[in-house]
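To start, the structure under review is shown below, and the notes come after it.
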Ligand SMILES: Nc1ncnc2c1ncn2[C@@H]1O[C@H](COP(=O)(O)OP(=O)(O)OP(=O)(O)O)[C@@H](O)[C@H]1O
Ligand SMILES: [Mg+2]
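Residue numbers (the working numbering): 60 to 363.
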């Protein structure tokens with residue numbers, strides 16, 4: 060198991076997913092392209108496309124030719140306007156949806172369905188209200204066929220990791236939103252997936268709880284060495300957490316640009332450097348948001 064060198068000086072240098080002739084911007088962002096990266100990849104997306112059947116006979120191209128490589132232990136954030144295909148992409152990586160074209164590979168092995176090597180944490184969390192915190196965390200391991208003694212050991216370990224050991228016998232309705240997020244995180248981590256997929260996990264939380272969970276997620280990532288793909292609307296959050304940020308275009312979802320975040324850790328949402336980097340990405344994102352608004356407006360006009 061690799062340990063992320065989270066607070067080592069110069070760690071962004073040797074964690075660089077792609078090193079070329081690019082020079083860092085003053086903001087701490089370095090534009091990169093990962094699809095030509097020859098290094099080892101934990102996760103590889105090859106020319107991934109997905110078309111949905113929309114109403115009647117019409118079709119909607121949600122993802123279009125996504126090429127992406129994620130290094131082992133890398134924290135990749137994905138940002139993009141609403142409806143650009145971020146959740147669709149996570150579903151495809153998790154094997155919950157089949158792509159129309161292209162492939163998902165983990166450690167160079169072709170994936171063709173769900174597996175415990177890739178776990179998706181939905182925004183709705185999917186916790187079971189009739190189970191206690193411990194039982195919720197144990198659930199995924201039961202499904203995986205792990206023996207009882209080992210399950211209980213792991214439940215203890217992961218509940219301690221997310222600081223919820225004292226609440227092991229509580230039911231979900233007895234927990235705050237942030238605590239529920241931590242249960243979902245513990246449950247996902249307990250199955251020890253190689254790749255953790257997170258779809259806007261902190262969007263519904265208040266600012267303080269979110270800050271706390273950023274710190275905790277970063278710590279857990281450092282301790283467990285997991286590879287994380289994290290979708291968010293919040294560009295600052297992406298810069299706060301990510302080694303790299305991939306910006307998606309409005310429909311169809313393509314990768315518009317990728318940025319390596321060349322800022323030391325730990326970072327904070329309020330850091331000036333984080334704000335500066337976020338502003339740079341936001342300018343880029345705004346173009347795509349405008350396109351989405353124009354498309355919506357055109358639809359409204361057509362309906363009149
Ligand atoms: N099951 C489905 N059937 C048909 N179209 C779908 C389906 N799920 C999603 N879509 C369409 O695919 C596009 C991408 O949806 P997706 O949920 O992946 O976007 P998103 O980037 O996650 O958006 P948000 O930021 O709002 O969560 C949207 O236009 C959506 O309407
Ligand atoms: Mg979504």
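Every residue, glycine too, gets a C-beta built ideally from N, C-alpha and C.
Does the beta-carbon of residue 206 have 16 or more other beta-carbons within 10 angstroms, so that it is buried, or is it exposed?
By 1-based counting over the chain shown, the position of residue 206 is 147. Label assigned to residue 206: exposed.
Would residue 309 and residue 158 qualify as a contact pair, given that the criterion is a beta-carbon distance under 8 Å?
Counted from its first residue, the chain shown places residue 309 at position 250. Counted from its first residue, the chain shown places residue 158 at position 99. Not in contact: residue 309 and residue 158 (Cβ atoms no closer than 8 Å).
Looking at residue 313 and ligand 1, is the gap between the Cβ and the nearest heavy atom below 7 Å?
Indexing the chain shown from 1 puts residue 313 at position 254. No, the beta carbon of residue 313 sits no closer than 7 Å to any heavy atom of ligand 1.
Identify the continuous beta strand (DSSP E) that holds residue 106 and give its terminal residues.
For this step, residue 106 is matched to residue 47 along the chain shown. Unbroken beta strand (DSSP E) run through residue 106: 102-112.
Roughly how many angstroms lie between the CA atoms of residue 186 and residue 343, to the nearest whole one?
Counting from 1 along the chain shown, the entry for residue 186 is found at position 127. Counting from 1 along the chain shown, the entry for residue 343 is found at position 284. Straight-line Cα distance between these residues: approximately 36 Å.
Rounded to the nearest angstrom, what separates residue 215 and residue 276 at their Cα positions?
Within the chain shown, residue 215 is the residue found at index 156, counting from 1. Within the chain shown, residue 276 is the residue found at index 217, counting from 1. Cα-Cα distance, rounded: 18 Å.
Can you list, in chain order, the residues of its chain with a C-beta nearer than 8 Å to that of residue 142? Leave out the 5 residues immediately preceding and following it.
The residue you call residue 142 lines up with position 83 of the chain shown. Counting only Cβ-Cβ distances below 8 Å, and skipping sequence neighbours, we find 309, 310 and 351.
From residue 235 to residue 116, what distance separates their C-alpha atoms?
The residue labelled residue 235 in the question sits at position 176 within the chain shown. The residue labelled residue 116 in the question sits at position 57 within the chain shown. Cα-Cα distance, rounded: 44 Å.
Touch test, the stretch 102-122 against the stretch 257-271, Cβ-Cβ under 8 Å, three pairs minimum:
no
Reduced DSSP category for residue 171 - H, G, I as helix; E, B as strand; rest coil:
Taking the first residue of the chain shown as 1, we reach residue 171 at position 112. In the structure shown, residue 171 sits in coil (DSSP, three-state: anything other than H, G, I, E or B).
Considering only heavy atoms of ligand 1, does any lie closer than 7 Å to the CB of residue 155?
For the purposes of this step, residue 155 is taken as residue 96 along the chain shown, with counting starting at 1. Residue 155: no, Cβ never under 7 Å from ligand 1.
Tell me which residue opens and which closes the alpha helix (DSSP H) that residue 151 is part of.
Along the chain shown, read from residue 1 onward, the residue named residue 151 stands at position 92. Taken as a continuous stretch (DSSP letters only), the alpha helix (DSSP H) holding residue 151 covers 145-153.
How would you call residue 345, buried or exposed, if buried means at least 16 neighbouring beta carbons within 10 angstroms?
Residue mapping note: residue 345 aligns to position 286 of the chain shown, counting from 1. Looking at its Cβ environment, which holds fewer than 16 other Cβ atoms inside 10 Å, residue 345 is exposed.
Less than 8 Å between the C-beta atoms of residue 333 and residue 298, yes or no?
Taking the first residue of the chain shown as position 1, residue 333 is located at position 274. Taking the first residue of the chain shown as position 1, residue 298 is located at position 239. Taking 8 Å as the Cβ cut-off, residue 333 and residue 298 qualify as a contacting pair.
Stretch-stretch touch, CB-based, cutoff 8 Å, three pairs: the stretch 166-177 with the stretch 218-237
no
Only counting the same chain, and skipping five residues up and downstream in sequence, which positions put a Cβ closer than 8 Å to that of residue 110?
Locating residue 110 in the chain shown gives position 51, counting from the first residue. Correct list, in chain order: 118, 119, 120, 121 and 159.
Neighbourhood of residue 227 by C-beta distance below 6 Å, restricted to the same chain and skipping five residues each side
Taking the chain shown and counting its residues from 1, one reaches residue 227 at position 168. Correct list, in chain order: 192, 193 and 218.
Quick one: is the Cβ of residue 229 within less than 7 Å of any heavy atom of ligand 2?
The residue given as residue 229 occupies position 170 in the chain shown. No, Cβ of residue 229 sits at least 7 Å from all heavy atoms of ligand 2.
Cut-off 8 Å between Cβ atoms - residues of its own chain near residue 144, not counting five sequence neighbours on either side:
Locating residue 144 in the chain shown gives position 85, counting from the first residue. Within the same chain, residue 144 has close Cβ partners 109, 121, 122, 307, 310, 311 and 312.
Kindly give me the distance between the Cβ atoms of residue 245 and residue 264, rounded to whole angstroms, as I take these residues to be in contact under 8 Å.
In the chain shown, the residue the question calls residue 245 occupies position 186. In the chain shown, the residue the question calls residue 264 occupies position 205. The Cβ separation is near 16 Å, so there is no contact.
Flag this pair as yes or no: are the beta carbons of residue 179 and residue 256 separated by less than 8 Å?
Position 120 of the chain shown, counting from 1, holds the residue named residue 179. Position 197 of the chain shown, counting from 1, holds the residue named residue 256. For residue 179 and residue 256, yes; Cβs fall inside 8 Å.
Using a Cβ-Cβ cutoff of less than 7 Å, which residues in the same chain neighbour residue 229 once the five nearest sequence positions on both sides are dropped?
Mapped onto the chain shown, residue 229 falls at position 170. Taken in chain order, the residues that qualify are 191 and 192.
Straight-line Cα distance separating residue 92 from residue 100:
Your numbering for residue 100 matches position 41 in the chain shown. Your numbering for residue 92 matches position 33 in the chain shown. Going from the Cα of residue 100 to the Cα of residue 92 covers about 14 Å.
Euclidean distance between Cα positions of residue 294 and residue 280
Within the chain shown, numbered from 1, the residue matching residue 294 stands at position 235. Within the chain shown, numbered from 1, the residue matching residue 280 stands at position 221. Each residue's alpha carbon lies about 20 Å from the other.
With a threshold of 16 other CB atoms inside 10 Å of the CB of residue 82, please say whether the residue is buried or exposed.
Along the chain shown, one-based indexing puts residue 82 at 23. Bear in mind that the predicted position of residue 82 carries a pLDDT of just 46, short of 50, making it unreliable; the figure below should be weighed with that in mind. When all chains shown are included, residue 82 counts as exposed.
Assign residue 250 to one of three DSSP states: helix, strand, or coil.
Taking the chain shown and counting its residues from 1, the one referred to as residue 250 is at position 191. If DSSP states are grouped into helix, strand and coil, residue 250 belongs with coil.
Secondary structure of residue 191, DSSP reduced to three states:
Mapped onto the chain shown, residue 191 falls at position 132. In the structure shown, residue 191 sits in a strand (DSSP, three-state: E or B).
Is residue 364 near ligand 1, judged by its Cβ being under 7 Å from some heavy atom?
For the chain, the structure presents residues 60 to 363; residue 364 sits outside this window and is missing.
According to the neighbour-count rule (16 or more other Cβ atoms, all chains shown, within 10 Å of its Cβ), is residue 197 buried or exposed?
Position 138 of the chain shown, counted from the start, is the residue given in the question as residue 197. Buried.
Residue 80 to residue 252, Cα distance in whole Å?
Position 21 of the chain shown holds residue 80. Position 193 of the chain shown holds residue 252. With a pLDDT of only 38 at residue 80, under 50, the local geometry of the prediction cannot be trusted, and the value read off the model is given with reservation. So the two alpha carbons sit approximately 34 Å from each other.
May I ask you to check if the CB of residue 126 is nearer than 7 Å to at least one heavy atom of ligand 2?
Counting from 1 along the chain shown, the entry for residue 126 is found at position 67. For ligand 2, not one heavy atom lies less than 7 Å from the Cβ of residue 126.
Closest to residue 138 by C-alpha separation, out of 326, 241, 184 and 288, would be which residue?
Position 79 of the chain shown, counted from the start, is the residue given in the question as residue 138. Here the closest residue by C-alpha is 288.
Based on Cα-Cα distance, which residue from 339, 184 and 112 lies nearest to residue 304?
Mapped onto the chain shown, residue 304 falls at position 245. The option with the nearest alpha carbon to residue 304 is 339.
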